[in-house]
Amino acid sequence: MFRRIAAPLLVPAWLLLAVPAAPEDVTRAGRIALVVESGVDTAAERIAPILRDRIQDRSDVTVEITSGLSADADLHIALGRRDASNGLFRDLAARHHLTLPGVARTAPEGYAVKRVAADGKPLLIAEGADARGVLYAAGEVLRMLGYGPDHVTLGPVDMSAAPAYRYRGSSANQGGTMREITGARGWTSEEWRDYFLDFAFSGANIGYAGGAQFDFLHSLDLMTVGGCRPNQFRGEFPEAWAAGGLEGWEGTNWVCPSIPEAREALMKQWDEEFARTQPHEILRFYAGDPGGCRCDRCEPWGKNFIELCEEVAAIWLKHHPDTVIEIANQDLSNEGDRAIFAYLNEKPRAWLQGIAYGPGSNALSSYFRDELREDLFEYPGSGPVNRYLAEILNNIPKEQTITHYSDITHWIRAQYNLENPDPHLMKAYNRRTFHTRPRAFYAIFQHIMPFSQGDIIYSEGYHDEFHQYMWNRLLWDPNRTLDDVLAEYCVYHFGPEAAPAMAEALLQLEINLEAPLAENEGIDRYYLLVKEAGWKMPPHRMRGNHRWMLHMQKAALDKYFQLQLQRELARDEALQRLAGSSSDDALARAEALMADPLETPDMAALRDEARRLGEETDRLIGLRNVGLFSIGTPLTALGWTEGQLRKAAAASGEGRANILQRIATYEDPGPGGFYDDAGDPGRQPRLVKGGGFDATRFLDPNNRPSQNTIAYSLDDPRGVAFRYTDLDPAASYRVRVSLVAPRMRNAQGAAETPLRRQHLLADETYVARDIEVPEYTAEQFEFDIPAPATADGALELTFERAEGATGLVVSEVWLIKN
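To convert, take the position in the sequence shown, counting from 1, and add 2; that gives this note's numbering.
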C-alpha cells in the first residue's frame, strides 16, 4: 500500500468540512468533458460511461465523453493509463508529472490522480497502473467531487494509492431469505451490476458470480471465486452411500467418499461438471457449513476431506489450470485440523494455495465447532478473535497462506456475533437484518488481517452494505481511522451537510443492538439523527436516496418496538397483579385491560412511516426491512399471560386457582427446587448434554420466550440431559417439563407429521415413556421421580428419543421438592 495526499487527515474528516478550500482553489463545473482515447485503452473506454452515469446520478451536470480537450467544458477529466495511450494521455501524465505508486516497480492495481491546468482550464488526470487501476482511479474521482444540484466542485488534489492486500472480495446479492420474508421484488441484472460497482469503485477486485455476472466482472478485469463441496452428489444415489454424522442435514445430497463406488461416481460427476464450468480465478473447497461426512470410515473428516480435495482439484485444474485453489477448514475436529497440517507438511502441495478461513474455521469459537483447542486459551494473546489464526500460520508450510472469507453479514449466531444482543431486538429482527457495527468490525479487521493476504467477504444480502464498503476501504488502506472511513462513506452517499449526523447515526445504531431496549434513550437519538440528516440533505441528494430511507425505516421500527415493549411490560405487570386475586371482579378488570388495543396512535404513526418507506425502498432497490413483518409478534410473555388468564376465566374452583398461581410464580420451583430455561445459555446451569437453539421464529409467538428456546439433539438417542446435586435424600421430588417442536414441512412446502415421541429417565429408571411432543404451541407435563433415584442426593434426568422418532427437544425443566 502506498498513499500520498496533500493534507493528511489528523482529525475526523467531517470536521474538515467546515474549513473548505479557498474559493479560488475550488473548481466549479456544470459541463464536464471526460477525456478517453478511443480505440487504444479498452479499460478506460469501458469505465468512462459508468463514471459519466454515476456523476450525473448525483448532480444535474452535463458529462460528455470526448477523445480530446473540449473548448466548451468547465472541467476536463482525463482517464486512462500511459502504457495504453497513443499520445494524448501519455503526454498529459508525463507533462504534469503524475507518479504511480511503487518501490522497485509500479505497484499493481495502483493509480494516481492530480488536478492541473490545461489551456487555462482545470484538468483532473486519473491514471491507472493497469486495467483495474483505471477502475479504482475512477472510484477516487467519484469520491473527491462535491455534488451540487447543477454543478460539481473540486479542490486541489495530488495523490497516488495502491492496495495493501492481494484479495479484496465482495458479495453482491439481494438476500434470498429476506426477500422471501418481505415479499420484495427481485433485482434486475442492471441493479446487481450497479451494486457490485459500488464495491468495485471502493476497491474490490474479486466477487461471487456466475453466468452473465461472471462475464460482467471479467469485462472489468475483476476476478471471480467459485465454491465446491467435494462430496456433494447432484443426482440420486443409493441410501447406503449417504454421508453420516451430519447433525441437522440428514437426507441431503452428500455421500460418503470412503465408499469406493460413491467416490468413483463423484469423480465422474466432477469431471463432467468442471468441463462446462466457468474458469474462476479462485476455487474454494468447503469442509462444512454444510457438507462433509463424519461416519466412522471418514473420521477424522479433516484427513479424508483434504485427500478428497486433492483428487477433485486435479480434475478442476485439468480443465482450468490457472485457478488458485483454497480449502475452508470449517466444522472440523481438532484432530481433523491437525491432519490437514500434517498433510501440508508431508511434502510440497503445489495444487493448493492455502486456507480459506471463515465461519467455523476458528477452534477457539464454538460456532460450528463441537470441540475447542482449550490449550490455546492459557496464553490467548489478543484472544479468540485471532489466536487460532496465529496457530494456523505456525502449523502450515511457509508457502501456504490464509485468505479470509469473513461473515460480516449476521449480528447474532455468526462468526463474529454480538456477545450480548438485546433479546427483544433479536425476536423482532432475527439473524438477517439491516444494521451497522462500525466500531466492532473495525477492531475485528485490525485483529485478523495481519495473518492473511486478503478477504473475500461472505454476505447474505444488502443489509451489510456499509460493512462491505468499510472492509474494502480498509483492505486498500488498513491504516485509515474509523472516523475517516465513516466520513468518506457518509459524505459520498449523503452529502457534506448530512454527513456528521449520519456518521453519528451509524455509531449509535451499533450501540442500540446491545443496549436494553425498554429504557434505551439511544433509540430516540438514532431516530432524530437520521431525521436531522434528512432535513440537512439538499433535494438533489435526498432524491431516491435509498440508503437514507433504509436507515429511517430501521429507526422508525426500532422506536415502534421500544414502545411496544414498554406497553407489553406494563400490561403484563398489571395482569400479574390481577392474577393474584381469583375474584370475578379482578378477572373482569383483566379482560377489560386485555381488550384495550396494545398499539397506540404514536406506534401506528411509526408503523405507517416504516411501511411507506419500505414501499419506496422496494420500488427503488427491491428492499424492505424484515422488522415490518414482525409487527404484531409479542416481545414478552404477555401473550402467554393473557392466554392463561382467559383459561382461568373459563375455569372455577381449584382449577382456576392453579392457573392463577402458575401465572404469578411461573419459573419459581419452590423451596429446594430448581429451574432451567433449557435453550438459553445463561439460564441452563444444570444442562450437561444437548445443543441450544432459539426457535422463536418457528414457534407460537404466544408461547413464553423461555418455551421457544430449546435444548435439542438430532443424532444422539439420549442427547439431552440435566444433572442435579445437593438434593435432600429424605425428600420426594417431581419433574415438570415444557415441550414443543417446530412444524415440519417437506421440500415442496407440504406439512409433515414426523414421530415426535420421547422418554424421560431418572438415572436409569424410566419415569415416562412415549411423551407426545406438541407442535408449535408449548405444553407442560409433570411426573413423579422415584425415591431411589434421589436417595444419594444426586439425580440425572435424561431425555431419550423413542424408536423411529425425529430428534429430541426440551424447553424448560423444573425439579420440584414435594
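Ideal Cβ placement from N, Cα and C applies to all residues, glycine included.
Return the Cβ separation of A330 and R286 in integer angstroms, given the expectation that the two are a contact with Cβ distance under 8 Å. Reading the sequence shown from its first residue, position 328 is the one you call residue 330. Reading the sequence shown from its first residue, position 284 is the one you call residue 286. Right, their Cβ atoms sit about 6 Å apart.
In angstroms, rounded to a whole number, what distance separates the CA positions of P10 and V115? Within the sequence shown, numbered from 1, the residue matching residue 10 stands at position 8. Within the sequence shown, numbered from 1, the residue matching residue 115 stands at position 113. Interpretation of P10 is limited by its pLDDT of 30, a score under 50 that renders its predicted location unreliable; the figure taken from the coordinates is listed afterwards. Looking at the two C-alpha atoms, the distance is approximately 16 Å.
Over the uninterrupted alpha helix (DSSP H) stretch that includes V126, give me the two end residues. Taking the first residue of the sequence shown as 1, we reach residue 126 at position 124. Sequence check: residue 126 is Leu here, not Val. In the DSSP annotation of this structure, L126 is not part of any alpha helix (DSSP H); the continuous beta strand (DSSP E) holding it starts and ends at K123 to G130.
Whole-angstrom distance between V690 and T108, CA atom to CA atom: Locating residue 108 in the sequence shown gives position 106, counting from the first residue. Locating residue 690 in the sequence shown gives position 688, counting from the first residue. So the two alpha carbons sit approximately 60 Å from each other.
Looking only at C-alpha atoms, which of N704, T190 and V387 sits nearest to L420? What you label residue 420 is simply residue 418 of the sequence shown in a count that begins at 1. When each option's Cα is compared against that of L420, the closest is V387.
Pair within 8 Å by beta-carbon distance, L552 and F436: Counting from 1 along the sequence shown, the entry for residue 552 is found at position 550. Counting from 1 along the sequence shown, the entry for residue 436 is found at position 434. Result yes, Cβ atoms of L552 and F436 sit closer than 8 Å.
Since G212 sits in a beta bridge, which residues does DSSP pair it with? Looking up residue 212 in the sequence shown gives position 210. Paired residues: none, contrary to the question.
Per DSSP, G229 forms a beta bridge with which residues? Translated into the one-based positions of the sequence shown, residue 229 becomes position 227. R286, per the DSSP bridge assignment.
In chain order, which beta strand (DSSP E) runs of at least 3 residues are fully inside the region 561-626? none
Pairwise C-alpha distance: I404 and W816: Against the sequence shown, residue 816 aligns to sequence position 814. Against the sequence shown, residue 404 aligns to sequence position 402. Rounded to whole angstroms, W816 to I404 spans 48 Å at the Cα level.
Distance between beta carbons of Q566 and L637, contact taken as under 8 Å: Here residue 637 corresponds to residue number 635 of the sequence shown, with the count starting at 1. Here residue 566 corresponds to residue number 564 of the sequence shown, with the count starting at 1. Their Cβ separation, rounded to whole angstroms, is 6 Å, which keeps L637 and Q566 in contact under 8 Å.
As assigned by DSSP and simplified to three states, the class of G360: Taking the sequence shown and counting its residues from 1, one reaches residue 360 at position 358. G360 falls in the coil class under three-state DSSP.
Answer yes or no: do R168 and G456 have a C-beta to C-beta separation smaller than 8 Å? Counted from its first residue, the sequence shown places residue 168 at position 166. Counted from its first residue, the sequence shown places residue 456 at position 454. Their beta carbons are under 8 Å apart, which means R168 touches G456 by this criterion.
Taking only three categories from DSSP, how would you classify I67? Counting from 1 along the sequence shown, the entry for residue 67 is found at position 65. In this structure, I67 counts as strand in the three-state DSSP scheme.
Give the straight-line distance between the Cα atoms of E805 and D730, rounded to the nearest whole angstrom. The residue given as residue 805 occupies position 803 in the sequence shown. The residue given as residue 730 occupies position 728 in the sequence shown. Each residue's Cα considered, the two are about 34 Å apart.
Based on the DSSP output, what are the partners of Y768 in its beta bridges? Within the sequence shown, residue 768 is the residue found at index 766, counting from 1. Y768 pairs with L763.
So, helix, strand or coil for G645, using DSSP? Translated into positions along the sequence shown, residue 645 becomes position 643. Helix, per DSSP.
Are the CB atoms of L600 and T643 nearer to each other than 8 Å? Here residue 600 is taken as the residue at index 598 of the sequence shown, counted from 1. Here residue 643 is taken as the residue at index 641 of the sequence shown, counted from 1. No, the pair does not count as a contact, with Cβ atoms beyond the cut-off.
So E462 and R439 are in contact, right, with Cβ under 8 Å, and what is the actual spacing, rounded? The count along the sequence shown starts at 1 and reaches residue 462 at position 460. The count along the sequence shown starts at 1 and reaches residue 439 at position 437. About 15 Å separates the beta carbons of E462 and R439, which is beyond the 8 Å limit, so they are not a contact pair.
Around the Cβ of Y288, are there at least 16 other Cβ atoms within 10 angstroms (buried) or fewer (exposed)? On the sequence shown, residue 288 is found 286 positions in, with the first residue counted as 1. So Y288 ends up on the buried side.
Can you name the start and end residues of the alpha helix (DSSP H) that Q782 belongs to? Along the sequence shown, read from residue 1 onward, the residue named residue 782 stands at position 780. Where Q782 is concerned, there is no enclosing alpha helix (DSSP H), although the beta strand (DSSP E) around it starts and stops at E781 to I787.
Same chain, Cβ closer than 6 Å to D702, neighbours up to 5 away in sequence not counted: As a working note, residue 702 is residue 700 in the sequence shown. Closer than 6 Å at the Cβ level, and outside the excluded window around D702, lie Y778 and T779.
Please state if the CB of Y528 and the CB of N547 are separated by a distance shorter than 8 Å. The residue given as residue 547 occupies position 545 in the sequence shown. The residue given as residue 528 occupies position 526 in the sequence shown. Not closer than 8 Å, so no.
Secondary structure at G629, three-state DSSP: helix, strand or coil? The residue you call residue 629 lines up with position 627 of the sequence shown. G629: helix per DSSP, three-state reduction.
Let me confirm a value: S384 is counted as buried when at least 16 other C-beta atoms fall within 10 Å, else exposed. Which label applies? Counting from one through the sequence shown, the residue named residue 384 turns up at place 382. Counting Cβ neighbours within 10 Å, S384 comes out exposed, since fewer than 16 surround it.
Could you say which of V105, A796 and T800 lies nearest to T767 if we only look at CA atoms? In the sequence shown, residue 767 corresponds to position 765, counting from 1. For T767, the nearest C-alpha among the options comes from T800.
The beta strand (DSSP E) with R296 in it runs from where to where? Residue 296 sits at position 294 when you count from the first residue of the sequence shown. First-last for R296: undefined, no H or E at that position.
Once the 5 residues before and after T411 are set aside, which same chain residues still bring their CB inside 6 Å of it? One-based indexing of the sequence shown puts residue 411 at position 409. Once the five neighbours on either side are set aside, the close Cβ partners of T411 are S461, E462 and D466.
C-alpha gap between T698 and P707, whole angstroms: Mapped onto the sequence shown, residue 698 falls at position 696. Mapped onto the sequence shown, residue 707 falls at position 705. Spanning the two alpha carbons is a distance of roughly 7 Å.
Could you give the DSSP three-state label for T667: helix, strand or coil? By one-based count along the sequence shown, residue 667 stands at place 665. Looking at T667 - three-state DSSP - the assignment turns out to be coil, as it is neither helix nor strand.
Give me the DSSP bridge partner(s) of H542. Within the sequence shown, residue 542 is the residue found at index 540, counting from 1. Its beta-bridge partners do not exist; DSSP assigns none.
Just to confirm, is the Cβ distance from I450 to L391 under 8 Å? The residue labelled residue 450 in the question sits at position 448 within the sequence shown. The residue labelled residue 391 in the question sits at position 389 within the sequence shown. I450 places its beta carbon less than 8 Å from that of L391.
Counterpart residues of H78 in DSSP-defined beta bridges: What you label residue 78 is simply residue 76 of the sequence shown in a count that begins at 1. DSSP output for H78 lists A35 and L125 as bridge partner(s).
The region 139-148 in contact with the region 485-502 per 3-pair CB rule at 8 Å: yes
Check whether the region 183-193 touches the region 255-264, taking contact to mean three or more Cβ pairs, one atom from each stretch, closer than 8 Å. Verdict: no, contact absent.
State yes or no: is the C-beta of L36 within less than 8 Å of the C-beta of L94? Translated into positions along the sequence shown, residue 36 becomes position 34. Translated into positions along the sequence shown, residue 94 becomes position 92. Taking 8 Å as the Cβ cut-off, L36 and L94 do not qualify as a contacting pair.
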